[in-house]
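Asker: Numbering (the UniProt record's numbering), first residue to last: 1 to 136.
Think of the CB as a built atom: it goes at the ideal place given N, C-alpha and C, for glycine as much as any other residue.
Given the structure is predicted, the values throughout are model-derived calculations rather than measurements.
Mind looking over this structure? Questions follow.
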């Protein structure tokens, strides 16, 4: 797994853990940074901080375009995969869009249900297509 791939996985871990604990992801990130085991790199922090900064818009987009699914009905891991992937896809222009989608779909394949990779791929691909017209 690439360095950024590991960073994405750690960002997902932090987002998922914070939701499971009912805590602010920035608090969980701060705990992980302080503990430094495993180390948290800058890219992980950038994803978590970005998701927090744009969370309402990210959740609005997911809710709008996830046909037949509400945020509450999605598996928690899928919800957080989509949050991380959406942030990276829409607010981190230095990363190739295809790489972003592929990496987050790979995490869905590894960590979620059999249907999750197709679902995550479909939604992130839709955001890629709509990106020029989305008000961010």
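#1: Let's test the definition: count the other Cβ atoms within 10 Å of the Cβ of residue 83 and tell me whether it reaches 16, buried, or not, exposed.
#2: Report the CB separation of residue 14 from residue 32 in whole angstroms; it is logged as a contact under 8 Å.
#3: By how many angstroms is the C-alpha of residue 126 removed from the C-alpha of residue 136?
#4: Since residue 78 is in the alpha helix (DSSP H), which residue starts that stretch and which ends it?
#5: Classify residue 117 as buried or exposed, calling it buried when 16 or more other Cβ atoms lie within 10 Å of its own Cβ.
#6: Straight-line CA distance for residue 110 to residue 133?
Answerer: By the coordinates alone:
#1: In the chain shown, residue 83 corresponds to position 83, counting from 1. Under this definition residue 83 is a buried residue.
#2: On the chain shown, residue 14 is found 14 positions in, with the first residue counted as 1. On the chain shown, residue 32 is found 32 positions in, with the first residue counted as 1. Yes, they are in contact, since the Cβ atoms of residue 14 and residue 32 sit about 6 Å apart, within 8 Å.
#3: Mapped onto the chain shown, residue 136 falls at position 136. Mapped onto the chain shown, residue 126 falls at position 126. Those two C-alpha atoms are separated by around 15 Å.
#4: Working through the chain shown from its first residue, we reach residue 78 at position 78. Note, residue 78: alpha helix (DSSP H), 76 to 91.
#5: The count along the chain shown starts at 1 and reaches residue 117 at position 117. Its Cβ being crowded by 16 or more others within 10 Å, residue 117 is buried.
#6: Here residue 110 refers to the residue found at position 110 when the chain shown is read from its first residue. Here residue 133 refers to the residue found at position 133 when the chain shown is read from its first residue. Near 32 Å, if we compare the C-alpha coordinates of residue 133 and residue 110.
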